[in-house]
Every structure is written in structure tokens, then in C-alpha cells.
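Numbering (the working numbering), first residue to last: 6 to 246.
Taking it in order: structure first as C-alpha cells, then the write-up.
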């Protein structure tokens, strides 16, 4: 197994960091790796806002559910889908289509995954922050995001001050299918997987969290999350047609 695959397979979220800064050369390497991600039709429909101002970081943290690591990590980046630059350089470009939201989201997600993988290969750690979408209007105003730009997720980066075990993933046979979609997964496999996830959480929390994967899905998908999102997307020029 290659060292690259080892890094990928050992991925886990890090939420506790030391006070050590990330070096300039490390930052440059992570940025270069992030920009090297695949891009649909070479549109490069992503931008990253690096939050270095401490006061601004505190304000962003408040909009992200007061998650302490947003302010405490050495680095915090906000990854955005971005069609603003396209409209700036090519004003006649036609935007606002639903497909372009997918393009921007996919480009940005690939960029973010490249960034975290590069960071982990350097011995750093991080965690993605979906809570940047909790108050997207306020965050966009705070960061000066123009029409054509939407914040998709944040990324905390730093030197790890914890060493958690990677979360157990679904059995590969439930994820990778051949020729046709398998609509009826193996019940026994799911029962066994639920038991593994429950054991993981109980071990990680000293018995304070008793949750299966299906239980977590039931809780997460019990109601609509962020019901304001479509209005925000339209305000920023997405999903207009």
C-alpha cells in the first residue's frame, strides 16, 4: 500500500489543536494541492477565503454555532462555489442554472478534500465545518461575498492535539456496486455495521454516546435542515432557472 493511500485511509476529524502555527511552506504546499484538484470543464468554480483576522475569526465562529475550534485552529478557510469571476471576465456568460450549482459544489468539495489530504500528509489535521451554512446571509455579508459566490464549508487546520480512531465506514459491498444499483442492501450487514458504530461511539466517549448509524440517520434526517437555503441560493444568483 502506498503512503498516499495510508494517509487517505487514516483520515479522521481533528477538533483539538496545539498552539503551533502552520509554516509558510506547508501552507503553500496545501494551497497548491488544493488548486490541483479536478475541475468540471476547467471552470475552476471555487474560491477560498482564509480568515487570519482574529476578531473576524471570532465573529465567524459565532455564526458557526460557537464551535471553539473555528477560532482555535491555526488556520480557518471558507471554501466557496464561485461564478463571480466568470461573470466579471465574461459578462455575457449565462449563469443561474441548477447544473452550475452542482458544478460549483463538486469543484469545491474536490478542492477541500485535496487540501485536507495534503495537510494530513504533512502530519497536520483538520475538520470540515458545515456550520458555515447556518447563517449564510450573515456570513456572506461579513466576508463580502458578492453575487455568484456561496460559502459551502469551512476547514480548520492545525497540529493535532488528539489522536482519535477513524470512524468505521459502511461495508464496501454496500457502497461499490457492479453494473446495476442494489436497492435492497443486506440486512445482516447493516445490523453488524450498526453494532460497530455503537461500539466506536461508546469507546470514544467513555460510554456517554450510545448511537448506531441508522439511529444517527434517523435523527439527522427527521426534519428539513436549513430551510432558508433555497432563498439564499437565489439571492446569490444560483438556481434561478
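Note that the Cβ used here is the ideal one computed from N, Cα and C, for glycine as well.
Under 9 Å, do residue i and residue j count as touching if we go by C-beta distance?
i	j	result
residue 75	residue 148	no
residue 22	residue 77	yes
residue 36	residue 114	no
residue 103	residue 14	no
residue 172	residue 205	yes
residue 198	residue 165	no
residue 45	residue 154	no
residue 18	residue 131	yes
residue 108	residue 50	yes
residue 110	residue 34	no
residue 136	residue 226	no
residue 116	residue 40	yes
residue 20	residue 167	yes
From the DSSP output, which residues share a beta bridge with residue i?
i	result
residue 132	161
residue 156	85
residue 80	162
residue 8	None, per the DSSP bridge assignment.
residue 52	85
residue 243	Residue 243 pairs with nothing; no bridge assigned.
residue 22	165
Assuming residue i contacts residue j under a Cβ cut-off of 8 Å, what Cβ separation, rounded to an integer in Å, is found between them?
i	j	result
residue 62	residue 80	So it is not a contact: roughly 10 Å between Cβ atoms.
residue 125	residue 12	5 Å
residue 150	residue 244	That pair is no contact at about 16 Å.
Is it right to say residue i is buried, meaning 16 or more other beta carbons lie within 10 angstroms of its own, or is it exposed?
i	result
residue 98	exposed
residue 96	exposed
residue 27	buried
residue 88	buried
residue 134	buried
residue 182	exposed
residue 218	buried
residue 70	exposed
residue 202	buried
residue 47	exposed
residue 8	exposed
residue 241	buried
residue 191	exposed
residue 30	exposed
residue 112	buried
residue 178	exposed
Inter-stretch contact (C-beta, 8 Å, three-pair minimum) for the region 80-98 and the region 152-160: Enough Cβ pairs lie closer than 8 Å, so yes.
So, do the region 217-235 and the region 125-143 have three or more beta carbon pairs nearer to each other than 8 Å? Taking a cut-off of 8 Å on C-beta distances, the region 217-235 touches the region 125-143, as three or more cross pairs fall below it.
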